[in-house]
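Each remark here refers to the structure printed beneath this line.
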Amino acid sequence: MSRDPHCIFCKIVHGEIPSVRVLETDRAIVVMDVAPVVKGHVLIIPRDHHEQVRDLPDDLAAHLGSLVPRVTRAVVAAADAVGSNTIINSGKVAGQTVDHCHWHVIPRLADDGVDWPWPSQEYSGDEKSRIASRIRRELDVSAD
Ligand code: AMP
Ligand code: ZN
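Take the sequence shown: its position 22, counting from 1, is numbered 22 in my numbering, and each next residue is one higher.
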């Protein structure tokens, strides 16, 4: 099992600092976020230490993703919510503060006061197709 001795989530996984767990599997734990965006906010945390989502092995990512519908149903019901956000912040620039990849599941209520949506941009000229081509190349998918 991979762990980082300085990582707060590795310490949570190994029971070295306290957490409120709501679900455990062989590869992940689900804990209450200590500072919820909306009350009922939980974190799906892989037991193995991987810094960002891009570092996750596909099978572990599939396992974490497979928990999202079930966890979301429970969180939404427990918070008397009507929707939810599932978010992964990856990298400091994207708001990641704990460098052990995790999924946020946040219940949403009509009057929860959380500011959404994010701002949006517009593509100009052939920018969209150029970026799409680059993404396909990076994905190793044959060209347009
Ligand atoms: P992120 O900013 O995406 O890296 O999210 C880190 C999340 O971890 C934040 O929502 C924090 O409130 C939460 N957090 C930090 N320390 C703890 C802890 N000891 N127990 C539970 N949640 C924590
Ligand atoms: Zn860790």
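Quick reminder that beta carbons are idealized off the backbone N, C-alpha and C, glycines included.
Only a predicted model underlies this, so the values are computations on that prediction, with no experimental measurement involved.
Closest residue to residue i among the options (Cα-Cα distance)
i	options	result
residue 44	64, 98, 59, 20	64
residue 55	100, 127, 126	100
residue 111	48, 62, 39, 128	39
residue 98	27, 115, 53, 77	53
residue 60	25, 127, 121, 138	25
residue 28	122, 18, 68	68
residue 10	49, 128, 77, 32	49
residue 126	134, 120, 119	134
residue 23	130, 122, 74	74
Within-9 Å CB hit, residue i to chain D
i	result
residue 42	The displayed structure is made up of one protein chain only, and chain D is not part of it.
Opening and closing residue of the beta strand (DSSP E) in which residue i lies
i	result
residue 45	42 to 46
residue 174	Nothing in the structure corresponds to residue 174, since the chain is present only between 1 and 144.
residue 108	103 to 108
residue 22	21 to 24
Cβ separation of residue i and residue j, assumed to be a contact under 8 Å, to the nearest whole Å
i	j	result
residue 89	residue 96	4 Å
CA-to-CA distance, residue j to residue i, given in whole angstroms
i	j	result
residue 58	residue 140	16 Å
residue 113	residue 37	10 Å
residue 13	residue 115	31 Å
residue 15	residue 47	11 Å
residue 109	residue 142	43 Å
residue 66	residue 72	11 Å
residue 91	residue 51	9 Å
residue 17	residue 77	28 Å
residue 19	residue 32	7 Å
residue 42	residue 79	11 Å
residue 2	residue 124	44 Å
residue 35	residue 70	22 Å
Element boundaries [alpha helix (DSSP H), containing residue i]
i	result
residue 127	127 to 139
residue 65	58 to 78
residue 87	Note, residue 87: premise wrong, no alpha helix (DSSP H); beta strand (DSSP E) at 83 to 87.
residue 13	8 to 13
Stretch-stretch touch, CB-based, cutoff 8 Å, three pairs: the region 68 to 88 with the region 103 to 113
yes
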